[in-house]
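Just below is one structure, and these are the notes that go with it.
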């Protein structure tokens, strides 16, 4: 059962229509002051939706709390989903004497969980301002939880008109790994000064996965002294998987302002903190927890859509043009090869700057490129 990507004005139209009908039938004797006191529904709440698991599909035992294929435990699901799972006997509450008599929920079928068939949409329940604590100075960022297939037109409307960000003159898309490997000091300086110079002189958007791990942490270090300065034109946009964000429960709330404390990241944990050196976050939600993937399509579609937006480059000695996008590859694992391939061979190919010496995938691609050219 496929879903269409949401467009401006198409989401919760019935909700708006209902409000307008109600106001139209109100008593004519109502004063103008009482009408003006009715708060309009914020644009985000009318147009942005997210996902939640709508059916528990057993994946593994736990002593007290079995886990669903979506990544959430049984108790983390909405109560109606828990009740349905029990009443339909998808699960069986019986003591298992082979495991010391503890109660276990057992599967009775081989159903496979899929985001298209086992999730349900709901109005986003998480957007606002996050205040990062723990550093020498608290920093702030805007954020929103949104459907991973939200159409790019809607996302761009949010960025430009709700968050009042200027159309970029350049998009720098950071590609790289999640390992917390150190960069060589010389390369770190090159990355810091190169990216900062490009961002400051062109009014660029720097797009990352938004998490405080791996390459994104290095980028955050490079931006730390600039991105939160009053009047700075640098936009650091993190597009992260909602289900992988550490302490995401603190982000839940409408037009929320919350304090955010990072506990750091350790290998093996299926969550990571947000990077405090970004000023905007799109938290892509595909109904799963502890998994990557949903954010990749959202990011790619947004970057492709940005590449079609007109900009005026005359202030830089050029002419009217489209927003240019360039990828920067630092380090990276096996998934990086596919990402790079899709970028350079897509409908609107994106050139990639490979940082030789940053490790793993970047070094291998640089090696192959160098020797392929030498051998013709």
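In the working numbering, the protein residues as written are 6 to 381. The beta-carbon is built from N, C-alpha and C at its ideal position, and this holds for glycine as well.
What residue range is occupied by the uninterrupted beta strand (DSSP E) comprising residue i?
| i | result |
| --- | --- |
| residue 150 | 144-152 |
| residue 301 | From DSSP, residue 301 is part of no beta strand (DSSP E) but of the alpha helix (DSSP H) over 299-311. |
| residue 210 | 210-213 |
| residue 178 | 176-181 |
| residue 71 | That residue, residue 71, is in no beta strand (DSSP E); it is neither H nor E in DSSP. |
| residue 137 | 131-137 |
| residue 126 | 124-128 |
| residue 258 | 258-265 |
| residue 170 | Neither: residue 170 is in no beta strand (DSSP E) and is coded neither H nor E. |
| residue 54 | 54-58 |
| residue 335 | 330-335 |
For residue i, does the count of other Cβ atoms within 10 angstroms reach 16, so buried, or fall short, so exposed?
| i | result |
| --- | --- |
| residue 122 | exposed |
| residue 339 | exposed |
| residue 363 | buried |
| residue 314 | exposed |
| residue 376 | exposed |
| residue 225 | buried |
| residue 148 | buried |
| residue 30 | Confidence is the limiting factor: at residue 30 the pLDDT is only 47, short of 50, which leaves the residue's position unreliable and the question unanswerable from this model. |
| residue 354 | exposed |
| residue 118 | buried |
| residue 211 | buried |
| residue 190 | exposed |
| residue 217 | buried |
| residue 253 | buried |
| residue 273 | exposed |
| residue 349 | exposed |
| residue 197 | buried |
| residue 293 | buried |
| residue 140 | exposed |
| residue 159 | buried |
| residue 153 | buried |
| residue 45 | exposed |
| residue 163 | buried |
| residue 28 | Here residue 28 scores only 44 on pLDDT, less than 50, and its place in the model should not be relied on; the value that follows carries that caveat. Exposed, by the Cβ-count rule. |
| residue 143 | exposed |
Between residue i and residue j, which are expected to be in contact by the criterion C-beta below 8 angstroms, what is the C-beta distance as a whole number of angstroms?
| i | j | result |
| --- | --- | --- |
| residue 316 | residue 155 | Not quite, the Cβ-Cβ distance comes to about 23 angstroms (not below 8 angstroms), so this is no contact. |
| residue 129 | residue 57 | In fact, because the Cβ distance is near 11 angstroms, the residues do not count as touching under 8 angstroms. |
| residue 330 | residue 311 | 7 angstroms |
| residue 290 | residue 91 | Not confirmed; about 26 angstroms, so no contact. |
| residue 48 | residue 126 | Not confirmed; about 17 angstroms, so no contact. |
| residue 232 | residue 241 | 5 angstroms |
| residue 358 | residue 332 | 7 angstroms |
| residue 182 | residue 365 | 6 angstroms |
| residue 219 | residue 184 | 6 angstroms |
| residue 367 | residue 335 | 6 angstroms |
| residue 248 | residue 76 | 6 angstroms |
| residue 192 | residue 360 | 7 angstroms |
Please list, in chain order, all residues of the same chain as residue i whose beta carbon is under 6 angstroms from its beta carbon, the five residues on each side excluded.
| i | result |
| --- | --- |
| residue 304 | 244 |
| residue 19 | With a pLDDT of 41 at residue 19, under the threshold of 50, the modelled position of this residue cannot be trusted; read the value that follows with caution. Here the set comprises nothing. |
| residue 223 | 188 |
| residue 264 | 136 and 138 |
| residue 351 | none |
| residue 213 | 179, 221, 224 and 243 |
| residue 382 | As shown, the chain starts at 6 and ends at 381. That puts residue 382 outside it, with no answer to give. |
| residue 309 | 353 |
| residue 239 | 204, 231 and 232 |
| residue 275 | 295 |
| residue 228 | 241 and 282 |
Start and end of the alpha helix (DSSP H) containing residue i?
| i | result |
| --- | --- |
| residue 389 | Lying outside 6 to 381, the shown extent of the chain, residue 389 is not represented and no answer is given. |
| residue 43 | Careful: residue 43 lies outside any alpha helix (DSSP H) and carries neither H nor E. |
| residue 246 | Not the alpha helix (DSSP H): residue 246 falls in the beta strand (DSSP E), residues 240-246. |
| residue 161 | 157-162 |
| residue 84 | 84-92 |
| residue 359 | First-last for residue 359: 357-359, but that is the beta strand (DSSP E), not the alpha helix (DSSP H). |
| residue 234 | Careful: residue 234 lies outside any alpha helix (DSSP H) and carries neither H nor E. |
| residue 286 | Note, residue 286: premise wrong, no alpha helix (DSSP H); beta strand (DSSP E) at 285-290. |
| residue 188 | Where residue 188 is concerned, there is no enclosing alpha helix (DSSP H), given that its DSSP letter is neither H nor E. |
| residue 347 | 339-350 |
Beta-carbon within less than 7 angstroms of residue i's beta-carbon, same chain only, minus the 5 sequence neighbours each way: which residues are those?
| i | result |
| --- | --- |
| residue 215 | 221, 243, 244, 245, 279, 280, 283 and 286 |
| residue 7 | At residue 7 the pLDDT is 48, less than 50, meaning the model places this residue with poor confidence; the figure from the coordinates comes in the next sentence. Closer than 7 angstroms at the Cβ level, and outside the excluded window around residue 7, lie 121. |
Keeping to the same chain, check which residues put their C-beta closer than 8 angstroms to that of residue i; ignore five residues upstream and five downstream.
| i | result |
| --- | --- |
| residue 73 | 58, 61, 62, 63, 64, 79, 82 and 118 |
| residue 261 | 131, 132, 133 and 134 |
| residue 145 | 134, 135, 136, 137, 233 and 284 |
| residue 347 | 305 |
Segment contact, 8 angstroms Cβ cut-off, at least three pairs: the segment 187-202 with the segment 165-174: no
Stretch-stretch touch, CB-based, cutoff 8 angstroms, three pairs: the segment 294-303 with the segment 255-273: no
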